[in-house]
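Colleague: Chains as they are written, first to last, in this note's numbering: chain A, 1 to 467; chain B, 468 to 934. For glycine and all other residues, C-beta sits at the position ideal for the given N, C-alpha and C. As the structure is a computational prediction, the values presented were derived from the model and not from experiment.
There are 2 protein chains.
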Amino acid sequence: MSNVYALVLAGGSGVRLWPRSREELPKQFLSLGEGGTLLQETMSRMLRVLPPERLYAVAGAKWSALVSFQAREAAPVSDGFLIEEPAARNTAPAILLGCETLREKGASNDDVVIVAPSDHLVKDVARFAQALQSAVEAAHAGFMVTLGVSPTRPETGFGYIHCPSARQKAENGYFQVERFVEKPSLELALRYMESGEYFWNGGIFVFTLGTLYREMEQASPDLYEVARKGCASFLKDFETLPSISFDYAVMERASRVAMVKLDAGWSDVGSWDTLYEVLDKDDSSNAILGDAILRDSEGCLVDSRYRLTALVDAKDLIVVDSPDALFITKRDTSQKVRGVVEKLKADGRKEAVQAPESARPWGAYRILCEEDRFKIKRIVITPGRRLSLQYHHHRSEHWIVVRGAALVEIDGQERFVHEGESVFIPKSARHRLGNPGKVELEIVEIQGGEYLGEDDIVRLDDDFKRT
Amino acid sequence: MSNVYALVLAGGSGVRLWPRSREELPKQFLSLGEGGTLLQETMSRMLRVLPPERLYAVAGAKWSALVSFQAREAAPVSDGFLIEEPAARNTAPAILLGCETLREKGASNDDVVIVAPSDHLVKDVARFAQALQSAVEAAHAGFMVTLGVSPTRPETGFGYIHCPSARQKAENGYFQVERFVEKPSLELALRYMESGEYFWNGGIFVFTLGTLYREMEQASPDLYEVARKGCASFLKDFETLPSISFDYAVMERASRVAMVKLDAGWSDVGSWDTLYEVLDKDDSSNAILGDAILRDSEGCLVDSRYRLTALVDAKDLIVVDSPDALFITKRDTSQKVRGVVEKLKADGRKEAVQAPESARPWGAYRILCEEDRFKIKRIVITPGRRLSLQYHHHRSEHWIVVRGAALVEIDGQERFVHEGESVFIPKSARHRLGNPGKVELEIVEIQGGEYLGEDDIVRLDDDFKRT
């Protein structure tokens, strides 16, 4: 009886969904509609076909705290579920590191691995699970399997899968892939769409370990060498590896590749425009998230979770509100957001990099106000969690408990602080904040001082010790 | 040698510039571009032709604190400069109350009164002053004088002045008015524009007291009766008066009316569209206030003083950002904002009424964050000012001094609080906050409790005692 494992690729940065996504908070960590974050929804989808103890994620150290926190909110993953890649080398090294880890944990050549990106969106989770089941079957038949999506527009930003045998066939089952083709021109993309023989690569790969190794030995023998010497060795060599995608290193060179059709409302949410396509829309074709009033407007996407937005006489607009930045553009040109973010970075603007709201292993925070002399944050700490013992050279802090019970340690002294009470942390005092209670602890933190950068922190132990 | 007085009509509410203006913060109290608020700029314009001790304002009690504060920031007005009308009865009673007050202060029949609204904008202050001088001359010649603006668009929302003798004449000097005409249809407005004989009424009236009384005795004898019995009597009768405009009660019925042409970039800023017309624009016809990045956009108005706004591929959009509400509409339809505000009020939304940022006699405040269990405000107190002694039934407050020195009284005990220090005000504690120092006092206030409405306050004395 063989097992099915999942490897979720959870690292990686991008700013195409700015201002929701930032350099330090890429889109997999965002919730874009209903439900959890893209990462959490990806994990939930995997749990439809395998149990939590066989669910793993791969990410760089930079992302591990955030991945851990969000993952544990979503599922009872195992302690070692997060496989840390020492450096960003694209998907092939990451996936191979994941597979070698699974092997060392006892996975056999007959076991199936499902590899999935963490930043895609799927509307029909049941049909997605069915497609995965077909893919697992195809994997057992010795194929390297990929999921293919019928194009809904002449997309020039993706590579395509040429799979003539899948044309006009019922969805179930798997079809042999003829070849992978590179990103097309607009004209070619239109022909692909019309032909019915070309499919978008959904980025999901399914294979048995045995098939992977067999194909790799032929297709990428050098990489195969490095990746089969055990994790310790692999990790040591990792940074010397070339940055190479799994598509290129394995899929495009494999001898037996099959495709399963995926018709489940899939989107790579690579832009605000593609998100608009998959969101529910009202009778005027408006997709509204959050607090918004629309009058005489159609074809708009409004993401207004932080404040009220009133939109009048607007046609085909994308409006995205965030606590510190607002983005408005015309539909069909949202890719221009990249130029905006580049300019912001060139100007040294924090709005390109810093996320006004984010999660940490102990909970979440949101910056309410930031001036050069003070910064106010709202902090939420999950029951049982606490921050690291730390101190700051340049700032003092006031904590006011808005809800719940706090356990505060300052220069060795502990005390409880309750709703309506406050505590003052002088500059350089060693302090720790934790939530010993049963409900979420909500605190307003006012930082003051000559320098308020997040890097002015000396940690004396780690965040995220379970109390 | 006769004197010139100014009466600035400083009360009055409206929400056509929502979300900048709110029911409790109408547009005369807002700064719409460079410089001070519309009220302050109006007062500055008056000071070009008369000294501060002859500058007066008329407003209802509801507005007096705000008017006093903003006026004193702008000019060394006299202690009794603010004439309080007991009720809102449109402009005729207000102006007559103002004039009777001036008379009791020693104004004679030869003295000139300039009446001006407080919520208009004028770009060329020098030419405005010249127009006023011409108007004063015409007033001395026994006319009721009004300032007329050549129409720049076929406006159907104003009444017009028919002044054929002013057609194509050089600006200086004054011209006899034939008659006032009511708001025209679009077709008629176009004909008016083309004829060169019709002018918008700028809302500014200039006359000697003697001329006013002479004309009123004929035109509105009943009103004349009531208004000439002295202020005490007038104030007592005030609420019995009909709501009637000065245009209707006096100007439209007067025997000798003259017009001075006003060509000084005047605007009644009655809508976002009219504001767009008068603001400076860049090469792409964009008017930008605040922190905004525009790409491939033209003909837009962006008011983004609180955060960064990035606008891409936008054409003829109006974007107005405020701390708690965002408004986006297409140019030329900004009057639809009324419908939005009506809906907000019908839904009981605070964003229609409450201003997130406003001034008080002691300084200014801004609401940074408002949740049902806590509210955070940033408060700035002018040197020498203090708040009233007060207490709250339902909330406690933490004050953290960010800048400056505070003098705090709690239940009879006084203490100084300095930068980085904080103070806690328990529910129902009698407290007062003041700025005894030389620099502005900046405080972050965190309110917490079961009810945070602004009406939970018991004042034991008045705001705005100079310390």
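So the beta strand (DSSP E) Arg882(B) belongs to, where does it begin and stop?
Modeller: Gln880 to Val884
Colleague: Which runs of the alpha helix (DSSP H) spanning at least 4 residues fall entirely within the region 137–212 of chain A, listed in chain order?
Modeller: 186–195
Colleague: According to the neighbour-count rule (16 or more other Cβ atoms, all chains shown, within 10 Å of its Cβ), is Gly404(A) buried or exposed?
Modeller: buried
Colleague: Taking 7 Å as the CB-CB cut-off, is Phe841(B) touching chain C?
Modeller: No chain C is present in this structure, whose protein chains are A and B.
Colleague: Rounded to whole angstroms, what is the Cα-Cα separation between Lys465(A) and Arg386(A)?
Modeller: Unreliable positioning characterises Lys465(A) in this predicted model, as indicated by a pLDDT of 48, which lies under 50. A coordinate reading is not provided.
Colleague: Using DSSP with H/G/I as helix, E/B as strand and the rest coil, what is Ser64(A)?
Modeller: helix
Colleague: For the putative contact between Pro903(B) and Leu874(B), defined by C-beta atoms under 8 Å, what is the C-beta separation to the nearest angstrom?
Modeller: 5 Å
Colleague: What residues from chain B crowd round Ile293(A), counting only those whose CB sits closer than 7 Å?
Modeller: Val807 and Lys810
Colleague: Roughly how many angstroms separate the alpha carbons of Ala813(B) and Gly449(A), rounded to a whole number?
Modeller: Ala813(B) and Gly449(A) have their alpha carbons spaced roughly 44 Å apart.
Colleague: Measuring alpha carbon to alpha carbon, tell me which residue in Glu454(A), Arg256(A), Val417(A) and Ala131(A) is nearest Gly173(A).
Modeller: Ala131(A)
Colleague: Could you tell me which residues DSSP pairs with Asp770(B) in its beta bridges?
Modeller: Leu756(B) and Val787(B)
Colleague: Kindly indicate which three-state DSSP category Tyr691(B) falls into: helix, strand or coil?
Modeller: helix
Colleague: Taking a Cβ distance cut-off of 9 Å, strictly less, list which residues of the region 879–908 of chain B are near chain A, in chain order.
Modeller: Glu886, Gly887, Glu888, Ser889, Phe891, Pro893 and Lys894
Colleague: Here's the rule: buried if 16 or more other CB atoms are within 10 angstroms of the residue's CB, otherwise exposed. What is Tyr627(B)?
Modeller: Under this definition Tyr627(B) is a buried residue.
Colleague: Quick one: which chain A residues come within Cβ less than 8 Å of Arg870(B)?
Modeller: Listed by position along chain A, the residues whose Cβ is nearer than 8 Å to that of Arg870(B) are Arg373.
Colleague: Does any residue of chain B have a CB that is nearer than 7 Å to the CB of Gly14(A)?
Modeller: no
Colleague: Around the Cβ of Ser488(B), are there at least 16 other Cβ atoms within 10 angstroms (buried) or fewer (exposed)?
Modeller: Within a 10 Å sphere around the beta-carbon of Ser488(B) sit 16 or more other beta-carbons, which makes this residue buried.
Colleague: Hey, could you find the ends of the alpha helix (DSSP H) Arg512(B) is sitting in?
Modeller: Leu505 to Met513
Colleague: Output, in chain order, the set of chain B residues within a Cβ distance shorter than 7 Å of Gly210(A).
Modeller: Result: empty, since nearest Cβ-Cβ is about 50 Å, beyond 7 Å.
Colleague: Going by beta carbon distance, what residues of the same chain come within less than 7 Å of Glu645(B), once the five residues before and after it are set aside?
Modeller: Excluding sequence neighbours, Glu645(B) sits near His629, Cys630 and Pro631.
Colleague: Quickly, what does DSSP pair Met726(B) with across the bridge? List them, please.
Modeller: Thr613(B) and Phe642(B)
Colleague: For Ser469(B), which three-state DSSP category applies?
Modeller: coil
Colleague: Grouping DSSP H, G and I as helix and E and B as strand, with all else coil, what is Gln914(B)?
Modeller: In the three-state reduction of the DSSP assignment, Gln914(B) falls in the strand class.
Colleague: State buried or exposed for Tyr224(A), treating a residue as buried only when at least 16 other CB atoms are found within 10 Å of its CB.
Modeller: buried
Colleague: Whole angstroms is fine: what's the gap from Thr934(B)'s alpha carbon to Gly677(B)'s?
Modeller: Confidence at Thr934(B) is low in this model, with a pLDDT of 40, below 50, so the placement of that residue should be treated as unreliable; the coordinate-derived value is given next. Using only the alpha carbons, I get a separation of about 43 Å.
Colleague: Which residues of chain B have a Cβ atom closer than 7 Å to the Cβ of Arg20(A), listed in chain order?
Modeller: Residues of chain B passing the Cβ test: none, with the nearest at roughly 13 Å.
Colleague: DSSP state of Ser31(A), grouped into three classes?
Modeller: coil
Colleague: Listing by chain order, which chain B residues have their CB less than 7 Å from the CB of Ile446(A)?
Modeller: Ile867 and Val911
Colleague: Any residues in the region 791–803 of chain B with a beta carbon nearer than 7 Å to a beta carbon of chain A? Which ones, in chain order?
Modeller: Asp791, Ala792, Leu793, Phe794, Ile795, Thr796, Lys797, Thr800 and Lys803
Colleague: List, in chain order, every chain A residue whose beta-carbon is nearer than 7 Å to that of Arg774(B).
Modeller: Neighbours of Arg774(B) on chain A, chain order: Asp324, Ala325 and Leu326.
Colleague: How far does the alpha helix (DSSP H) with Gly565(B) in it extend, from its first residue to its last?
Modeller: Thr558 to Glu571
Colleague: With a Cβ-Cβ cutoff of 7 Å, do Ser64(A) and Glu84(A) count as a contact?
Modeller: yes
Colleague: Along chain A, in chain order, which residues have C-beta atoms closer than 8 Å to that of Glu818(B)?
Modeller: Leu308
Colleague: Identify every residue that forms a DSSP beta bridge with Arg360(A).
Modeller: Gly363(A)
Colleague: Would you check if the distance between the CB atom of Ile457(A) and the CB atom of His392(A) is smaller than 7 Å?
Modeller: yes
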